[in-house]
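> Here the protein sequences line up with chains A and B, keeping their order. Heads up, the first sequence is in UniProt numbering, so the first residue is 1 and it goes up one at a time. Heads up, the second sequence is in UniProt numbering, so the first residue is 1 and it goes up one at a time.
Number of protein chains: 2
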Amino acid sequence: MPAANRQLIYANTPSPAIDPSLDNGTFKLNTTPIPDNVPDDKVLVRVHYLSLDPAMRQWLTAKRSYIAPVERGQIMRGQSIAQVLRVGAGLQSKYQAGDWVVAYSGWQEYALLGAKEAQKVTVPAGCQPTDAMSVLGITGLTAYFGMMDVAKPKAGETVVISGAAGATGMVAGQIARVQGAKRVVGLAGSADKCEFLRRELGFDAAINYKDADWKKQLKEATPEYIDVFFDNVGGEILDACLARAAKDARFAICGAISQYNAAKPQGPASFMTVISQRVMMKGFIVLDYTKQYPAALKDLATWLTQGKIKRKEHIVPGGLESAPKSLVDLYEGINTGKMMVEVAPVSEAIAVKAKL
Amino acid sequence: MPAANRQLIYANTPSPAIDPSLDNGTFKLNTTPIPDNVPDDKVLVRVHYLSLDPAMRQWLTAKRSYIAPVERGQIMRGQSIAQVLRVGAGLQSKYQAGDWVVAYSGWQEYALLGAKEAQKVTVPAGCQPTDAMSVLGITGLTAYFGMMDVAKPKAGETVVISGAAGATGMVAGQIARVQGAKRVVGLAGSADKCEFLRRELGFDAAINYKDADWKKQLKEATPEYIDVFFDNVGGEILDACLARAAKDARFAICGAISQYNAAKPQGPASFMTVISQRVMMKGFIVLDYTKQYPAALKDLATWLTQGKIKRKEHIVPGGLESAPKSLVDLYEGINTGKMMVEVAPVSEAIAVKAKL
């Protein structure tokens, strides 16, 4: 084990775009020793896979939001899949070296964490540990509650998903199908992603919003208008879908990735449709549903093992330093499926208890 | 009785503002004979008070909406308080001359109407026939369902109403108080209207959105943010209220009078708050609630007679010709309370059965 722990510190406020350079950019590298002593109520973990999430840009902005911003000078906040290396005396009934955990480690290679910050991964049959950061993690749960509690697609309805090839969107679309949606339509940012949605996930239509005629394609793909829209993107895409809203449509507003870096956000100009079609739009945050996670994870694991939901991971190599650039890439939409940075390969893991 | 019936015909599409001139403007005057023969299934009515409603501008636009547009060449659509003059043979068990009705007459002085288009006004004790076009009519019902079914204010909450001195807004604010709201705040377009809201209706605060510092006033008037927003105005006001939304706020989107004449409508730029504060926004149309009208009218009549809801009418003199200019004035916001055009004064009524 090396003696040094490398960390990425939030150094400079984005203005408004994230600067991925480690030389006076948004983040800077810091090196500290790996702790020798593990306190009684902590575990020492090694981070293997960092999660990259669209919400991260919002955490860097000191606005009233659902979660306190990351302060400059702090380690960048983030979830990871990590392995327990050493266990404090008070936690030895709970963890042992080699356990895999979902860790609230932030962007660093090693972390000392309390029990609440290191959730042991139990892997349902047919699933894998990294699922705990995608279909069986926050992104899958986000898709689940957005669909099951907010949008509530019904049999026979037309459901449209934006950011459909992202970690949340692809699960949201598949849940809509499980719920009996008649047409599932995805919006994504490349021909490859659209091909993936149609071929591998069985979407009825997938539209590349970078095509010049994407609005025409959207119209053709939704001949009976849009009953449910699950939005990860906001901006122009939300606007176009609002203009196609069916009577009594439900719009689950999950994210607005197109707007997070915008100095001057755009509201949906087709807002009048909210009245004429009695549209219900509702924002939601997965953290409000923590009590319902166990039941939701049971459904998601069932669908995953039955093949009704398929997983897709986008793993970036290159270690911790890849994280800032990968976050910029996430906003550029390069990923299909859940985006993670490989901080340390599985081959470096110790005494593996769970198959990764 | 004169032999001629004057009518206002929808002549030219607004571009985008309504042109009130009767000489090649949006409407033109037409004169036809008053029918001599009343068919068996009709009544002949004389219009006394025409209702002016913000929705009218939308009816002139051939867009997908909750109601078919008025076609050019047709009589302008509109509700009125009218008096039955003659009754067809088949309707004599239902009406008699002198009855007051809420009439779907359109903009004309006389009309032949079927039973569905002429609803007899029953006046609860302590109420008056014109109430059937305000607190006990569509505007009161709109306020009722927007509050009771969509926004659902709870005891202790902060409720904000835009267009608060209008026919719907003033009832909405008073219903919020009946429901136990802690703070009721109105937005209106003049110091007089604000004075009326505070003094006569007991609003906790009223803000003139034409004041340079209205956003600052809004902030000060909502120290615990906004739990419920009942919106009649849209545009910049909706945007400012969205920026002040409390967690789990409900926004009942009733109308967007600021946008109806806009060539390029504006969406709410503070849309991100929908996510961060889990805001629910829902458009609604009173016509969806027809089955629930009787129960709602019972509540409204009770509150009106108990003085918990106060009425306010803005009656424009000058006969039918005043309607186009008055409609423009409605969008300018000159009225406090329900705006009506007096087509014929009560003194000209025949055999009055109900006190007007």
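For each residue, glycine too, the CB sits at the ideal point set by N, CA and C. A quick note: this is a predicted structure, and the numbers were derived from the prediction, not measured.
Give a yes or no on whether the minimum CB-CB distance between A164/B and chain A is below 8 Å.
No, A164/B does not count as interfacial toward chain A.
> Quick check for students: name the residue ranges of the alpha helix (DSSP H) that lie wholly in the stretch 150-230 of chain A, counting only runs of 4 or more.
167-178, 191-199, 214-221
> What does the alpha-carbon distance come out to for the pair A221/A and K193/A?
About 17 Å.
> Where are the beta strand (DSSP E) runs, 3 residues long or more, that stay fully inside the stretch 309-345 of chain A, in chain order?
313-316, 338-342
> Alpha carbons only, please: which of F230/A, G78/A, T26/A, Y225/A is nearest the one belonging to N12/A?
T26/A
> Is the stretch 135-142 of chain A close to the stretch 150-165 of chain A, with three or more CB pairs under 8 Å?
no
> Alpha helix (DSSP H) containing G235/A: first to last residue?
235-243
> Could you give the DSSP three-state label for G255/A: helix, strand or coil?
coil
> If you follow the beta strand (DSSP E) that V82/B is part of, which residue opens it and which one closes it?
First, the residue type needs correcting, since residue 82/B is Ala and not Val in the sequence shown. A82/B -> beta strand (DSSP E) spans 80-87.
> With a threshold of 8 Å between beta carbons, is K355/A in contact with chain B?
In this prediction, K355/A has a pLDDT of 41, which is less than 50 and means its spatial position is unreliable; nothing more can be read from the coordinates.
> Closer than 9 Å, Cβ to any Cβ of chain B: which residues of the stretch 272-303 of chain A, in chain order?
M272, T273, V274, I275, S276, Q277, R278, V279, M280, M281, K282, G283, F284, I285, D288
> Any idea which residues DSSP pairs I9/A with across the strands?
K28/A, I75/A
> Once you ignore the five residues that flank K355/A on each side, which residues in its own chain have a CB closer than 6 Å to its CB?
Because the pLDDT at K355/A is just 41, under 50, the model does not fix this residue reliably, and the value given afterwards should be weighed accordingly. Once the five neighbours on either side are set aside, K355/A has no close Cβ partner at all.
> Output the distance between the C-alpha atoms of P45/A and A349/A, rounded to the nearest integer angstrom.
Checking the sequence, you will find Val at residue 45/A rather than Pro. Spanning the two alpha carbons is a distance of roughly 11 Å.
> Could you work out which residue in G126/B, Y225/B, G283/B is closest to L300/B when comparing CA atoms only?
G126/B
> Buried or exposed: which applies to T168/B, given that a residue is buried once 16 or more other Cβ atoms fall within 10 Å of its Cβ?
buried
> In chain B, what lies closer than 8 Å to G267/A by C-beta?
The contacting residues are D239, Q266, G267, P268, A269, S270, F271.
> Check each residue of the stretch 41-66 of chain A: if its Cβ is closer than 9 Å to any Cβ of chain B, include it; give the result in chain order.
Q58, K63, R64, S65, Y66
> Taking all protein chains shown into account, do 16 or more other C-beta atoms lie within 10 angstroms of the C-beta of I67/B, making it buried, or fewer, making it exposed?
exposed
> Per DSSP, which one or two residues make a beta bridge with M272/B?
Paired residues: none, contrary to the question.
> Could you tell me whether the Cβ atoms of G111/B and K94/B are closer together than 8 Å?
The displayed chain sequence assigns Ala, not Gly, to residue 111/B. No, the Cβ-Cβ distance between A111/B and K94/B is not below 8 Å.
> Exposed or buried, what is K338/B when buried is set at 16 or more other beta-carbons lying within 10 Å of its beta-carbon?
buried
> Locate the alpha helix (DSSP H) running through K298/A, then write down its first and last residues.
293-305
> On a CA-only basis, which of A118/A, F271/A, D211/A, R244/A is nearest C254/B? Give me that one, please.
F271/A
> Any idea if L287/B is buried or exposed, counting beta-carbon neighbours within 10 angstroms, 16 or more meaning buried?
By the neighbour-count rule (16 or more Cβ atoms within 10 Å), L287/B is not buried but exposed.
> How would you write the range of the alpha helix (DSSP H) that G140/B sits in, first residue to last?
138-145
> Between the stretch 178-186 of chain B and the stretch 234-251 of chain B, do three or more beta carbon pairs fall short of 8 Å?
no
> What first and last residue would you give for the alpha helix (DSSP H) that runs through M56/A?
M56/A: member of the alpha helix (DSSP H) spanning 56-59, first to last residue.
> G169/B touches chain A at which residues, Cβ-Cβ below 7 Å?
The premise fails here: G169/B is roughly 15 Å from chain A at the closest Cβ pair, so nothing lies under 7 Å.
> Quick one: residues in its chain with C-beta nearer than 7 Å to the C-beta of F196/B, no 5 flanking neighbours on either side, listed in chain order?
A165, T336
> Between D36/B, I9/B, I275/B, which lies nearest to R250/B when the distance is taken from Cα to Cα?
I275/B
> Hey, S162/B and N261/B: beta-carbon distance below 8 Å or not?
no
> Taking the beta strand (DSSP E) that Y110/B falls in, what are its first and last residues?
110-113
> Please confirm whether A256/A has its beta-carbon closer than 8 Å to some beta-carbon of chain B.
yes
> Which same chain residues end up closer than 7 Å to Q119/B when comparing Cβ atoms and leaving out the 5 residues on each side of it in sequence?
For Q119/B, where only same-chain residues beyond five positions count, the Cβ hits under 7 Å are V101, V102.
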